[in-house]
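Just below is one structure, and these are the notes that go with it.
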Amino acid sequence: MPTLNLFYFLSFVAVLSALLVVFSKNPMHSVLYLIITFFAIGGHYLLMNAEFLFVVHIIVYAGAIMVLFLYVIMLLNLNQESEPHKSTVLKFAATICGGLLLLILVAAFKGADQLPAAATEHTVGYVKSLGMVLFTEYLLPFEITSVLLLAAMVGAVMLGKPERLNKG
Amino acid sequence: MIPIDYYLWLSATLFTIGVLGVLYRRNAIIVFMCIELMLNAVNLVMVAFSNYMNDAAGQVFVFFIMAVAAAEVAVGLAILIMMYRITRTTDINILNRLKW
């Protein structure tokens, strides 16, 4: 079953590069591994017929957000391994907490294989059907999102200004 | 068609890795990236259920989450640059001035 094999491959890539995001020493490498993770998640979207979200995901995450991260790391000149690390006790505690959280999530999802049967057709992710819903039922939230993005842009410019300009 | 619980396990794993990264690292930018990872894990499970039920609401919400995440990253990185300008570091142990 090629779909299932593709799912396993994409999951393996996503989990492995997500682990490398956390454990690689150089922040620049972390960003690059995060891009690989995002591409793998985008592949999952494509596997689920969500082609519109696949395109938006690639453009927004792998395109815009990751470029922002790369620029900030470049501007702050953080691409050397000078970061101080937490003590071994704290790292151990963090790992234990992560394992406990995974345990809780697995326990919470235990009955998930007994859900009602899936819908027979999966056409909802196509651009046409999603666009119909987005521009009829969710038109007001869609328009308000533009205000949110404008506010974020103004806020980022305000925060990014040098200190002496803020006083004047 | 892939069973829905496979996506739940994958999403739980990715979310846990994100939480682990937030707890494990001291670099604020890495912590920020791990928050993005957690958002993506939730997005993944939302798309999976939307596809499973053939209901468009989940995918519309994921679209809005992406817009909010973009706004969050822009403002968050601006705050990070401002803090770096003041303290000359991105170490989150230095950024403890709100601590009582």
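If you read the sequences in order, they're chains A and B.
Per my numbering: the first sequence = residues 20 to 187.
Per my numbering: the second sequence = residues 53 to 152.
Note that CB positions come from ideal geometry on N, CA and C, so glycine has one too.
Determine the DSSP secondary structure at residue i, reduced to helix, strand or coil.
i	result
N96 of chain A	coil
D107 of chain B	coil
N24 of chain A	helix
N79 of chain B	strand
F113 of chain B	helix
G187 of chain A	With a pLDDT of 46 at G187 of chain A, under the threshold of 50, the predicted position of this residue should be treated as unreliable, though the coordinate-derived value follows. Looking at G187 of chain A - three-state DSSP - the assignment turns out to be coil, as it is neither helix nor strand.
Hey, would you say residue i sits closer than 8 angstroms to residue j, going by beta carbons?
i	j	result
I77 of chain A	G61 of chain A	yes
L72 of chain B	A170 of chain A	no
L97 of chain A	P46 of chain A	yes
F67 of chain B	L153 of chain A	no
T56 of chain A	V75 of chain A	no
L122 of chain A	I69 of chain B	no
I146 of chain B	T139 of chain B	yes
Y136 of chain B	A138 of chain A	no
A175 of chain A	A122 of chain B	no
F116 of chain B	P160 of chain A	yes
F128 of chain A	D107 of chain B	no
A126 of chain B	L87 of chain A	yes
A81 of chain A	F58 of chain A	yes
T22 of chain A	L89 of chain A	no
State buried or exposed for residue i, treating a residue as buried only when at least 16 other CB atoms are found within 10 Å of its CB.
i	result
R77 of chain B	buried
M20 of chain A	exposed
I54 of chain B	buried
M85 of chain A	buried
V99 of chain B	buried
V50 of chain A	buried
Y27 of chain A	exposed
S106 of chain A	exposed
S165 of chain A	exposed
N95 of chain B	buried
L75 of chain B	buried
N24 of chain A	exposed
Residues in the same chain with beta-carbon distance under 8 angstroms from residue i, minus the five sequence neighbours each way, listed in chain order, please.
i	result
N68 of chain A	H141, T142, V143, G144, Y145
F71 of chain A	G144, Y145, V146, L149, G150
A80 of chain B	L132, M135, T142, D143, I144, L147
M172 of chain A	none
I82 of chain B	G73
Following a CB-centred definition, is residue i positioned closer than 7 angstroms to any heavy atom of the ligand SAM?
i	result
I54 of chain A	This structure simply doesn't include the ligand SAM, nor any ligand for that matter.
Within a Cβ cutoff of 7 angstroms, which residues of the same chain sit near residue i, ignoring the five residues on either side of it in sequence?
i	result
V97 of chain B	Y59, L60, S63
E156 of chain A	none
H63 of chain A	L29
Measuring straight from C-alpha to C-alpha, what distance separates residue i and residue j?
i	j	result
V120 of chain B	G179 of chain A	19 angstroms
I87 of chain B	P135 of chain A	32 angstroms
G187 of chain A	F31 of chain A	The predicted model places G187 of chain A with a pLDDT of 46, which falls under 50 and marks its position as unreliable, so this point remains unresolved.
L168 of chain A	M118 of chain B	11 angstroms
V112 of chain B	C116 of chain A	33 angstroms
F5 of chain A	L91 of chain B	The displayed coordinates of chain A run from 20 to 187. Any statement about residue 5 of chain A would go beyond what the structure contains.
A33 of chain A	G128 of chain B	25 angstroms
L53 of chain A	F73 of chain A	16 angstroms
V114 of chain B	E162 of chain A	16 angstroms
H48 of chain A	V108 of chain A	26 angstroms
K44 of chain A	L35 of chain A	15 angstroms
So, for residue i: in the same chain, excluding its five sequence neighbours on each side, which residues have a beta-carbon less than 6 angstroms away from its beta-carbon?
i	result
F101 of chain B	G110
T65 of chain B	none
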